[in-house]
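Each residue of the sequence shown is one higher than the one before, starting from -2 at the first, in my numbering.
Note that the Cβ used here is the ideal one computed from N, Cα and C, for glycine as well.
This report refers to the structure that appears directly beneath it.
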Amino acid sequence: PAASYSTSMFTSLDVGSLHLKHRVVLAPLTRNRATPSTTHLRTWFPNELLVEHYTQRATAGGLLISEAMHVMIAVPDDLAYLTPIYSPVSLRASGALGVPGLWTDEQLDGWKRVTEAVHAQGAYIICQLWHQGRQTHSRVTGLDTWSSSAVAITGSEHGGGESVPYERPHPMSAEEIALTHDEYVNTALRALLAGFDGVEVHAANGYLPDQFHHSNVNQRGDQYGGSYQNRCRFTVELVTKLCGAIGKERVGVRLAPFGLFNEVNGKERVVQWTYLCSELSKRGIAYVHMIEPRFDEWKSEIEKIDILLHAADDMGVAHESSIPSLKPFRAAIRPPTKLIVAGGYNWINCWDGIDRGDHDAVAFGRYFTSNPDLVERLRTGQRLRRYDRSTFYGPFPDPAYGYTALSEKNREWAVPEDAGQSQLVPPQNEATTEKDTLDQDSSART
């Protein structure tokens, strides 16, 4: 591994109100390991296994971003009267099983145990807010599906235990957009009650905010559609409300300017996401968290780059010989907002970008699954253990397997050839199990 002493990875960094002692960030990892509630319909709560998982990865002055949490129903001011009757409504944002939320006291108490354990290690933890929009299903939520427009995802998903076609979503009215913004705000307030140090809006990977960003999904003719500025309005207004409610220094946003996941194929990528980054930065938020162009859930880095190289110019590729980068967006992000990057980083390629000033911190996901002590391994140049994609998403008979305890594959050493693989699809020389196939159809992806 590269020598960490030659880089800025282990220097301090202020992110909003947080003073980090190093720049290795835990990326959000939805793992579907929560416990089903016996008192609240269609809800799951954090268990002691989640407490152990986050504690294992917490380091003094380190930053953890939680697994995605579905936003909750908009309620009056005190939030204190939430009862089981609200649970199905709270799940309009959800298309995934085994994902813990924040709208019940049972969930709140579980997350308090997590945040207290993380803080006891001297680390910080951010709550990622998630609304899946058209990727949900009435068999999971008990409600109709909402999105920017009535454009369904093709294919099928696991709707409450079986594979069913995606549903044609209901196009949200302006009033429903405002209501959804309030749901995000109430979840953010709830996150602070649970002890989180801030929130991150998941506005990438084809989830609800991203369904407004992309022109192939967003076919609206009002102030939330049409021009790229209008397509950014949902996210910009949401972030503005969050800043007003909990403070700009507690707000981050995750973006994927070159993402394709969940059938987002919008155009004007460079100009649109440059504008969006500029608007977010003007609001002084803590950070923007961006996914590298090379990363894709279904395709290898080689396949993804080939797609981008042959894309039309208005997707953001100026010339066929030019591989897209995050540099235009970095230029639009002004202090105090920081840039965190993720997607395909390992012990070889994680060092130079911080030194060059391309970004401020690096978020690791897959290698944190197999190396809970990743920070120390990078700091001291130790070898990393291989990640095991077959254990990424539960449930499992033994939920600790590949989560807080190593799987058999996790006991192997990582090799450079692992770089560039898809997140979900095994390479040809790696056997595909029935579990892998099930996970490829699952909607629980961050």
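For R30, the CB contacts under 7 Å within the same chain, skipping 5 residues up- and downstream, are L46, L47, G95, G391, P396, Y400 in chain order. Linking A201 to S224 through their CA atoms gives a straight-line distance of about 19 Å.
Note on the region 332 to 397: whole beta strand (DSSP E) runs with a minimum of 3 residues are 335 to 339, 358 to 361, in chain order. Look at F42 here: in three-state DSSP terms it is strand. Residues of the same chain with a CB within less than 7 Å of the CB of N227, apart from the 5 flanking positions on each side, are Q220, Y221 in chain order. Annotation for F326: P254, W270, T271, C274, M287 place their beta carbon closer than 7 Å to its own, counting only its chain and skipping 5 residues before and after.
A Cβ-Cβ distance of about 7 Å is found for the pair G249 and G195, placing them in contact under the 8 Å criterion. Using a Cβ-Cβ distance cut-off of 8 Å, the region 50 to 64 and the region 364 to 372 are in contact, since at least three pairs of beta carbons, one from each stretch, lie closer than that value. With respect to the 7 Å criterion, A24 and F389 are not classified as neighbours on the basis of their beta carbons. Rounded to whole angstroms, the separation of the alpha carbons of G203 and N183 is 23 Å. Of T133, K109, G130, the smallest CA-CA separation from I123 is found for K109.
A Cβ-Cβ distance of about 6 Å is found for the pair T4 and I351, placing them in contact under the 8 Å criterion. Taking M6 as reference, the option from I337, E289, E64, A114 with the minimal CA-CA separation is I337.
For the region 141 to 173, the continuous beta strand (DSSP E) assignments of 3+ residues that do not extend past its boundaries occur at 153 to 155, 160 to 162, in sequence order. By the Cβ criterion, the region 328 to 335 is not in contact with the region 372 to 379, since fewer than three pairs of Cβ atoms, one from each stretch, lie closer than 8 Å.
Nearest to D355 by alpha-carbon distance, out of A329, H37, G98, is A329.
DSSP places E265 in the coil class of the three-state scheme, outside both helix and strand. In the structure shown, the three-state DSSP call for A402 is strand. Distance from the CA atom of V214 to the CA atom of R408, rounded to whole angstroms, is 42 Å. Taking 7 Å as the cut-off, the Cβ atoms of Q216 and S144 do not count as close. Its chain contains A329, I330, R331, T334 as the residues whose beta carbon lies nearer than 7 Å to that of S278, once the 5 sequence neighbours on both sides are disregarded; these appear in chain order.
Within the same chain, and ignoring the five residues on either side of D141 in sequence, the residues whose Cβ sits closer than 7 Å to its Cβ are S135, H167. Measuring C-alpha to C-alpha distances from K238 to each of Q418, L257, D179 identifies D179 as the nearest. P162 counts as exposed, since fewer than 16 other C-beta atoms from the protein chains shown sit within 10 angstroms of its C-beta. Within the region 182 to 211, the runs of alpha helix (DSSP H) that reach at least 4 residues and sit entirely inside it are, in chain order, 205 to 210.
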